[in-house]
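Note that the sequence shown ends on residue 60 in numbering that gives the first Met the number 0; no numbers are left out.
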Amino acid sequence: MLQAPLADRLTLTIPEAAVLSGLPVKIVRAAVLNDDLQSFTVGSMTKRVKRTDLDDWIRTL
């Protein structure tokens, strides 16, 4: 399966969002749990973050 480079993806897993933002996974995960960073669930458990939401959240830091 082909995947776009991380920087070009429209949606990201929480670990991918952490890598792209340069922040620890626990910080990104906490932002999702606190509803500071919007996310959505794919399948039964996988959380995804829209790249635009990640960019918006980073600007508020």
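Even for Gly, the Cβ is constructed at its ideal location relative to N, Cα and C.
So who's on the other strand from residue i, going by DSSP bridges?
i     : result
Arg47 : Thr12, Phe39
From the DSSP output, in three-state form, read off residue i for me.
i     : result
Asp6  : The sequence as given places Ala at residue 6; Asp does not occur at that position. In this structure, Ala6 counts as helix in the three-state DSSP scheme.
Asp55 : helix
Leu22 : coil
Leu1  : coil
For residue i versus residue j, is the C-beta spacing smaller than 8 Å?
i     : j     : result
Ile26 : Val48 : no
Leu36 : Leu19 : no
Ala17 : Val24 : yes
Leu11 : Leu53 : yes
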